[in-house]
Amino acid sequence: MNFVALRMLVGDRVKYIGIIIGIALATFLISQQLNIFVGLMRSTYGIVTNISTPDIWVTNRPMEDVDDLRPMSEDELYRVKAIPGVLWATRLFRQDVQVRLSNGKFQTCLLLGLGDQALVGGPPKLLGGATINALRISHGVLVDAAYAQDKLGNIKPGQTMQINGNRALVTGLCRTALSFQGLPIIYTTYSRAANWAPAQRHQLAVILVKARPKQNLTTLCRRIEHRTGLEAYTKAGIASKTFWYYMKSTGIPINFCITISLGALVGIAIAGQTLYQFTHDNLRYLGALKAMGATDLTLVRMVLLQAIVTGVLGFGIGIGISGAANMLILHFTPPSERLAVFLWQIMAVTGIGMIFIVIFASLFSLVSVVKLEPAVVFK
Amino acid sequence: MNLQQDNVAVQCRGVKKSFGQGNALNHALAGVTLDVFTGEMLMLVGPSGCGKTTLLSVIAGILNHDDGEIHLFGQDILALRNNAKARFRGRNVGFAFQQFNLLPQLTAVENAAIPLLVLGWSRRKAFDRAGDFLDKMGLGKRLTSYPRELSGGQQQRIAFARALVHEPKLVVCDEPTSALDGKTGEQVISLLKTIAVRPDRAVIVVTHDSRIFHFADRIAHMEDGKIIDTVVAGTVLIDQGNV
Chain A
1 MNFVALRMLV
11 GDRVKYIGII
21 IGIALATFLI
31 SQQLNIFVGL
41 MRSTYGIVTN
51 ISTPDIWVTN
61 RPMEDVDDLR
71 PMSEDELYRV
81 KAIPGVLWAT
91 RLFRQDVQVR
101 LSNGKFQTCL
111 LLGLGDQALV
121 GGPPKLLGGA
131 TINALRISHG
141 VLVDAAYAQD
151 KLGNIKPGQT
161 MQINGNRALV
171 TGLCRTALSF
181 QGLPIIYTTY
191 SRAANWAPAQ
201 RHQLAVILVK
211 ARPKQNLTTL
221 CRRIEHRTGL
231 EAYTKAGIAS
241 KTFWYYMKST
251 GIPINFCITI
261 SLGALVGIAI
271 AGQTLYQFTH
281 DNLRYLGALK
291 AMGATDLTLV
301 RMVLLQAIVT
311 GVLGFGIGIG
321 ISGAANMLIL
331 HFTPPSERLA
341 VFLWQIMAVT
351 GIGMIFIVIF
361 ASLFSLVSVV
371 KLEPAVVFK
Chain B
380 MNLQQDNVAV
390 QCRGVKKSFG
400 QGNALNHALA
410 GVTLDVFTGE
420 MLMLVGPSGC
430 GKTTLLSVIA
440 GILNHDDGEI
450 HLFGQDILAL
460 RNNAKARFRG
470 RNVGFAFQQF
480 NLLPQLTAVE
490 NAAIPLLVLG
500 WSRRKAFDRA
510 GDFLDKMGLG
520 KRLTSYPREL
530 SGGQQQRIAF
540 ARALVHEPKL
550 VVCDEPTSAL
560 DGKTGEQVIS
570 LLKTIAVRPD
580 RAVIVVTHDS
590 RIFHFADRIA
600 HMEDGKIIDT
610 VVAGTVLIDQ
620 GNV
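Residue numbers (my numbering), protein chains in the order written: chain A, 1 to 379; chain B, 380 to 622.
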């Protein structure tokens with residue numbers, strides 16, 4: 001009877017297309033909002049992504065999110081280095097600074113200072129053949145290529161800018177993950193960063209730790225916290241803590257939740273109403289099938305098959321439109337503002353959501369089919 | 380025609396069916412007793428609202444009666460649960476409806492094959508069988524036509540093919556000629572009589588159309604939910620106390 005169900009569905013083109021459009025629209029709305037939401041939330045821990053290599057981040061207490069750090073005494077570095085299980089530990093400077101560009105404009109940037117000797121924790125990707133040693137050049141800084149183009153006056157290697165009145169020479173370009181605040185990231189050495197940034201009582205924002213081989217990272221974090229009174233997180237741990245801080249302390253999730261729910265409602269309203277109308281219009285024929293021996297289960301399977309087929313087609317079209325929209329966004333948005341992502345996980349979540357929407361949309365149809373008296377055929 | 384007890388296809392005893400409640404209570408069937416035999420075409424006739432279609436529905440097992448007994452080839456259909464009853468109908472009953480109820484999205488052969496598909500036949504076998512039946516009905520060249528492309532008479536012939544394609548023991552037809560002009564009505568009922576009536580099958584036709592009465596082997600007259608008499612082709616026969 002699957003054949004009959006599909007022929008009934010495809011034969012009524014207006015409703016068939018109507019159901020698919022409803023589901024495609026809902027898929028597009030939901031996946032697009034999820035793309036932006038996930039991109040935005042990933043940016044909250046962008047700095048963690050942008051500092052490569054170390055296993056553990058040690059910060060002053062209390063730490064709510066990675067963009068709001070309380071600097072600590074330099075002595076803490078040596079206390080951490082002395083803890084068993086620590087292979088090495090190094091400093092990270094982090095502070096917002098005013099940068100004066102060659103065109104006279106000012107731009108607030110995030111200045112990251114890496115430990116002078118090893119320069120550990122540099123950007124995840126360096127461009128144009130540059131190496132981290134480019135920071136060893138006097139006044140050298142590395143800047144993100146996308147931000148350099150969009151927010152730093154299209155500055156290029158070899159050109160200079162002023163950080164808090166100090167000359168900084170761009171010695172290389174890199175690619176970093178977007179930060180939630182949208183500030184251009186500038187890498188330099190720790191000592192240089194500490195000299196350039198406005199003075200504070202303490203300047204050590206983070207101690208980056210590499211654990212000894214086979215050392216359990218969670219155990220080492222607990223040990224560091226126990227011995228120093230500081231807070232220690234694995235890379236995933238600090239990203240997660242920052243992520244949940246934004247989830248719980250900002251209106252971002254609830255607002256996205258509302259828009260995603262609206263997308264789902266649109267899908268349920270259009271697909272559900274059209275699917276119900278389709279079933280309702282065919283009740284006479286479904287009654288005839290019931291009279292001719294089709295069981296309730298057979299008719300339920302027919303309606304579900306119709307719903308699933310339209311659901312899969314609508315989902316495919318909706319995801320396709322979403323992907324195309326993302327490509328357009330990538331094409332027309334400056335790289336430094338490209339928050340939206342397009343992940344398979346989002347497609348999977350949207351797909352699961354659409355299954356629920358289609359099932360929910362089918363419920364009214366299923367009820368009317370099960371309650372249908374076959375004697376309706378003689379009325 | 381031999382109306383023997385062992386030829387009984389349908390046995391109704393004191394069948395009652397009511398609709399509504401209180402002042403709106405309507406006794407559609409007020410104690411019907413009737414036997415329908417294999418090898419005959421029985422026509423149920425009577426004024427509108429006398430209960431013909433209700434009786435046809437309870438006999439065919441698509442409507443539950445309130446009281447009394449109905450045995451279809453020995454099976455008490457009220458004793459069957461819904462799904463078992465549906466399967467019983469699928470195997471044993473063929474339906475032809477007043478408005479044909481052909482699925483507009485399916486071709487003639489696909490429509491005619493539906494009872495076989497319900498029974499789980501493969502599409503190829505079902506379409507072959509349905510094609511043969513349509514050929515017998517004179518629609519061999521219209522197998523792939525959609526109902527909207529066919530005349531009323533042709534649609535009714537597809538409906539008959541659908542009612543017969545799975546070789547049911549009982550065929551029920553509700554006003555099969557009401558949507559057709561007189562000449563076409565006579566043609567299709569003649570065709571039905573020729574193809575459907577067999578020694579092992581009973582055919583029940585509900586109709587208002589006096590022009591087709593002469594095709595019946597027996598005519599049962601209904602009034603106010605009861606069968607008032609049963610007439611055998613050209614004679615008058617009072618059947619089992621249904622006066």
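Idealized CB from N, CA, C, for every residue including glycine.
Burial is judged here by how many other beta carbons sit within 10 angstroms of a residue's own beta carbon; A/CYS174 has at least 16 and is buried.
The secondary-structure analysis by DSSP pairs A/TYR233 across a beta bridge with A/TRP57.
Taking a Cβ-Cβ cut-off of 7 Å, the neighbours of A/TYR285 in chain B comprise ASN480 and LEU482, given in sequence order. By the neighbour-count definition (other C-beta atoms within 10 Å, threshold 16), A/GLU74 is an exposed residue. Counting other Cβ atoms within 10 Å of its Cβ, B/ARG541 reaches 16 or more and is therefore classed as buried. An exposed status is given to A/PHE106, since fewer than 16 other beta-carbon atoms sit within 10 Å of its beta-carbon.
For B/SER397, the enclosing beta strand (DSSP E) begins and ends at 387-398. The residue among B/GLN454, B/VAL411 and B/GLY418 with its C-alpha nearest the C-alpha of B/LEU435 is B/VAL411. With a beta-carbon spacing of about 57 Å, A/VAL10 and A/THR53 fall beyond the 8 Å limit used to define contacts.
Nearest in C-alpha terms to A/VAL14, of all of B/PHE592, B/GLN478, B/GLN400 and B/GLN484, is B/GLN484.
Its Cα nearest to that of B/GLN478, the residue B/ALA538 stands out among B/HIS587, B/ALA538 and B/ALA407.
If you keep only unbroken alpha helix (DSSP H) runs of at least 4 residues inside the segment 456-522 of chain B, you get 461-471, 487-491, 493-497 and 502-515.
A/LEU305 places its beta carbon less than 8 Å from that of A/LEU6. Each of A/PHE28, A/ASN195, A/TYR233 and A/ASN2 was checked against the Cα of A/LYS210, and the nearest Cα belongs to A/TYR233. Counting along the chain, B/ALA407 sits inside the beta strand (DSSP E) bounded by residues 405-416. In this structure, the beta-carbon distance from A/PHE315 to A/GLY351 falls below 8 Å. A contact between stretches requires three or more CB pairs, one per stretch, nearer than 8 Å, and the segment 365-372 of chain A fails this requirement with the segment 417-424 of chain B. Beta-bridge annotation (DSSP): B/ASP446 is paired with B/LYS395. Secondary structure of A/ILE238 (DSSP, three-state): helix. Sixteen is the threshold: when 16 or more other Cβ atoms of the shown chains lie within 10 Å of the Cβ of B/CYS391, as they do, the residue is buried. Ranked by Cα distance from A/GLY293, the options B/VAL387, B/GLY440, B/HIS406 and B/ALA403 are led by B/GLY440. Non-local C-beta neighbours of A/ARG94 in its own chain, meaning closer than 8 Å and more than five positions away in sequence, comprise ILE47, LEU69, LEU110, LEU111, LEU112, GLY113, ALA205 and VAL206, ordered along the chain.
With contacts defined as CB atoms closer than 8 Å, A/ALA271 and A/ILE36 fail to qualify as a contacting pair. At a Cβ-Cβ threshold of 8 Å, B/LEU522 and B/THR563 do not count as neighbours.
Excluding its 5 nearest sequence neighbours in each direction, A/CYS221 has C-beta neighbours in its own chain below 8 Å: ILE56, ALA232, TYR233, THR234 and GLY237, listed in chain order.
Within 10 angstroms of the beta-carbon of A/GLU76 lie 16 or more other beta-carbons, which makes it buried.
Across the segment 490-507 of chain B, CB contacts with chain A closer than 8 Å involve ILE493, PRO494, LEU496, VAL497, LEU498 and ARG502, in sequence order along the chain. The C-alpha of A/THR90 lies about 39 Å from the C-alpha of A/HIS331. At least one C-beta of chain A is nearer than 8 Å to the C-beta of B/ARG468. Ranked by Cα distance from A/SER191, the first of A/GLN117, A/ILE346, A/ILE21 and A/VAL97 is A/GLN117. Just so you know, the alpha carbons of A/ASN216 and A/VAL86 end up roughly 11 Å apart. Contact of A/VAL4 with chain B by beta-carbon distance below 8 Å involves LEU482, LEU485, GLU489, ILE493 and LEU496. Non-local beta-carbon contacts of B/LEU459 in its own chain, meaning distances under 7 Å to residues more than five positions away in sequence, involve PHE467 in chain order. A/LEU339 sits away from A/LEU126, with the two beta carbons spaced by 8 Å or more. From the beta-carbon of A/MET8, the residues of chain B found nearer than 7 Å are LEU482 and GLN484.
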